[in-house]
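Read the structure below first, then the notes.
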Amino acid sequence: MLDSTPGGELRLERPPGVEPDGGVALLAWAARMREEQPVWRDGSGNVHVFRHADVQRILADTATFSSDTVGRLSGGEKQAPRGTLLLLDPPLHGKMRRLVSRAFTPGLITGLEPWITELTGQLLDAAPVDAFDLVDVLANPLPVTVIARMLGVPTEDRDRFQGWADQLLSTDPDDPESVRRMEETAVTISAYLQGFIEARRGEPSGDLLGTLVGAELDGERLEDEDIASFATLLLLAGHITTSVLVGNALLCLDRDPQLLERVRADRSLIPAVIEETLRLRPPFTRIERVTTTAATVAGTDVGPDTLVHLWLLSANRDERVFEDADAFRPDRSNARQAAFGHGIHYCIGAPLARLEGRIALDALLDRYVRIGVDPAVRLSWHGTNVFGARHLPLRVHHA
Numbered sequence: 004m005l006d007s008t009p010g011g012e013l014r015l016e017r018p019p020g021v022e023p024d025g026g027v028a029l030l031a032w033a034a035r036m037r038e039e040q041p042v043w044r045d046g047s048g049n050v051h052v053f054r055h056a057d058v059q060r061i062l063a064d065t066a067t068f069s070s071d072t073v074g075r076l077s078g079g080e081k082q083a084p085r086g087t088l089l090l091l092d093p094p095l096h097g098k099m100r101r102l103v104s105r106a107f108t109p110g111l112i113t114g115l116e117p118w119i120t121e122l123t124g125q126l127l128d129a130a131p132v133d134a135f136d137l138v139d140v141l142a143n144p145l146p147v148t149v150i151a152r153m154l155g156v157p158t159e160d161r162d163r164f165q166g167w168a169d170q171l172l173s174t175d176p177d178d179p180e181s182v183r184r185m186e187e188t189a190v191t192i193s194a195y196l197q198g199f200i201e202a203r204r205g206e207p208s209g210d211l212l213g214t215l216v217g218a219e220l221d222g223e224r225l226e227d228e229d230i231a232s233f234a235t236l237l238l239l240a241g242h243i244t245t246s247v248l249v250g251n252a253l254l255c256l257d258r259d260p261q262l263l264e265r266v267r268a269d270r271s272l273i274p275a276v277i278e279e280t281l282r283l284r285p286p287f288t289r290i291e292r293v294t295t296t297a298a299t300v301a302g303t304d305v306g307p308d309t310l311v312h313l314w315l316l317s318a319n320r321d322e323r324v325f326e327d328a329d330a331f332r333p334d335r336s337n338a339r340q341a342a343f344g345h346g347i348h349y350c351i352g353a354p355l356a357r358l359e360g361r362i363a364l365d366a367l368l369d370r371y372v373r374i375g376v377d378p379a380v381r382l383s384w385h386g387t388n389v390f391g392a393r394h395l396p397l398r399v400h401h402a
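In my numbering, the protein residues as written are 4 to 402.
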């Protein structure tokens, strides 16, 4: 799959996937690219960037590297809804972000902690006694339920949300049938949310949907499509970030039993474990930008309207920034990980994901005197841009 041309350039039609080895081949490829070809053009003409400094610089330069991949790559024929924060550029991005950030203030996030702690306990109460799938029992339902409550939609529908998220996350952009199913799922989600949006227009409420329905942008109310697109983004990205974070934290601790016991004895270490998990195993392997004009990246000329893949997974293991970069070291002094992005698009839900991860890990260590990944079960992995286990079977012993 990976070789070199006579001129020394790496030749690969597409990057290795996370399946079937959990990212071993992908990490080896990214490490080689960081050293030998930090800016690489694939067979489709897209550019891939691997080093921490280059990734951070591009994320900070919104004038040259646009988030509007939909509009620019379609020649303006398509436009992302205004609620899709990930695909918006300034000044619209700043205006929309200020609207939705009302639901993510430090005070509001901190205020959720008692309820999230109670919810975590309820989910673990329902878990089988000796063995269970962490993803099914806790890592998926916890963030989905939290987001549903914030939006103001029934938490009882979380299984539906999970099914939709699974469908969207399994989309293969190179498979027309997979793309068609993704589009159908997006229509289904929008139709589901439409009923709640219409209800808020008739009777205002204090939840996030109600806030967006009552908000104005440049003197105009948001369209239903804008509101539905943000809610969909929150349900998808918000839940998978925490879900993968919780699973990845357990994976990292499972591989270092001594560290696991240190964390059990000293829970003040949990925030550092969360940060190091985000660095070593970020929920998403990469994010995309598109050039607005000709640019130069690490000495490589890139033309306008070029799709640029920024490899967060690689940037977070850049030896120029992180000493002993492949080691899981929560005590490292340099924690400039890029899992949540950088600059104006820094993940608005990052504090919530950190809170959910901390509560989940604390609850697991409280409840089980022994906890570990079941070695008898082969792990399955997300096969797209998500860097984590699709299911994580655990064996546990109660305290």
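Glycine included, each C-beta is placed from N, C-alpha and C at the ideal position.
Bounding residues of the beta strand (DSSP E) (the contiguous stretch that carries residue i)
| i | result |
| --- | --- |
| Leu-397 | 396–401 |
| Ile-351 | Premise fails: Ile-351 is in no beta strand (DSSP E) and is neither H nor E. |
| Val-42 | 42–44 |
| Gly-375 | 371–376 |
| Asp-259 | No beta strand (DSSP E) holds Asp-259; DSSP gives it neither H nor E. |
| Ala-134 | 134–136 |
Status (buried if at least 16 other CB within 10 Å, exposed otherwise) for residue i
| i | result |
| --- | --- |
| Arg-161 | buried |
| Leu-395 | buried |
| Glu-223 | exposed |
| Ile-61 | buried |
| Arg-373 | exposed |
| Trp-43 | buried |
| Thr-2 | Nothing can be reported for residue 2: it is not among the residues displayed for the chain, which extend from 4 to 402. |
| Ala-31 | exposed |
| Ala-301 | exposed |
| Asp-178 | exposed |
| Ser-336 | exposed |
Nearest to residue i (by Cα), restricted to the options the options
| i | options | result |
| --- | --- | --- |
| Ala-34 | Ser-47, Pro-19, Thr-214 | Pro-19 |
| His-401 | Leu-127, Gln-197, Glu-22 | Leu-127 |
| Ser-246 | Asn-143, Thr-65, Leu-172 | Asn-143 |
| Arg-292 | Ala-202, Thr-65, Gln-261 | Thr-65 |
| Pro-41 | Asp-365, Thr-299, Phe-343, His-385 | Thr-299 |
| Leu-310 | Pro-93, Glu-38, Thr-67, Arg-54 | Thr-67 |
| Ala-106 | Pro-93, Ala-189, Leu-141, Ala-353 | Ala-353 |
| Ile-362 | Trp-314, Asp-329, Pro-131, Val-149 | Val-149 |
| Glu-22 | Leu-397, Arg-381, Ala-231, Arg-398 | Arg-381 |
| Gly-48 | Glu-279, Leu-90, Arg-17, His-96 | Arg-17 |
| His-345 | Leu-89, Val-399, Val-182 | Leu-89 |
| Ser-104 | Arg-370, Ile-351, Arg-357 | Ile-351 |
| Glu-116 | Ala-379, Ala-366, Val-399 | Ala-366 |
| Leu-283 | Asp-329, Val-305, Thr-294, Thr-295 | Asp-329 |
| His-51 | Leu-262, Ile-273, Trp-314 | Trp-314 |
| Leu-102 | Val-156, Asp-92, Ala-194, Leu-225 | Leu-225 |
Segment limits, alpha helix (DSSP H) that includes residue i
| i | result |
| --- | --- |
| Val-276 | 273–283 |
| Arg-54 | Here Arg-54 belongs to no alpha helix (DSSP H), and DSSP marks it neither H nor E. |
| Asp-128 | 116–128 |
| Val-380 | Per DSSP, Val-380 belongs to no alpha helix (DSSP H) and is neither H nor E. |
| Arg-152 | 144–154 |
| Leu-76 | 72–76 |
Open item on the list: With three or more beta-carbon pairs closer than 8 angstroms as the criterion, would you say the stretch 232–247 touches the stretch 161–180?
Closed with: At 8 angstroms Cβ cutoff, the stretches touch.
Task: Sequence ranges, beta strand (DSSP E) only - wholly within the stretch 283–336, length at least 3 - done: DSSP runs (the beta strand (DSSP E)) wholly in the stretch 283–336: 289–294, 298–300, 303–305, 310–314.
TODO: Answer yes if the stretch 248–264 comes into contact with the stretch 226–236, meaning at least three C-beta pairs across the two stretches below 8 angstroms, and no otherwise.
DONE: Fewer than three Cβ pairs drawn from the stretch 226–236 and the stretch 248–264 lie within less than 8 angstroms of each other, which leaves the two stretches out of contact.
- [ ] Evaluate the contact criterion for the stretch 314–325 versus the stretch 81–101: three or more CB pairs, one atom per stretch, below 8 angstroms.
- [x] With the cut-off at 8 angstroms, the stretch 314–325 and the stretch 81–101 do not touch.
Open item on the list: Under 8 angstroms, with one C-beta from each stretch per pair, do the stretch 263–274 and the stretch 120–136 reach the 3-pair mark?
Closed with: The stretch 263–274 vs the stretch 120–136: no contact.
TODO: Report yes or no: do the stretch 280–290 and the stretch 374–393 share at least 3 C-beta pairs separated by less than 8 angstroms?
DONE: Touching, yes.
- [ ] Evaluate contact between the stretch 328–340 and the stretch 84–92, counting only Cβ atoms and requiring at least three cross-stretch pairs below 8 angstroms.
- [x] No contact exists between the stretch 328–340 and the stretch 84–92.
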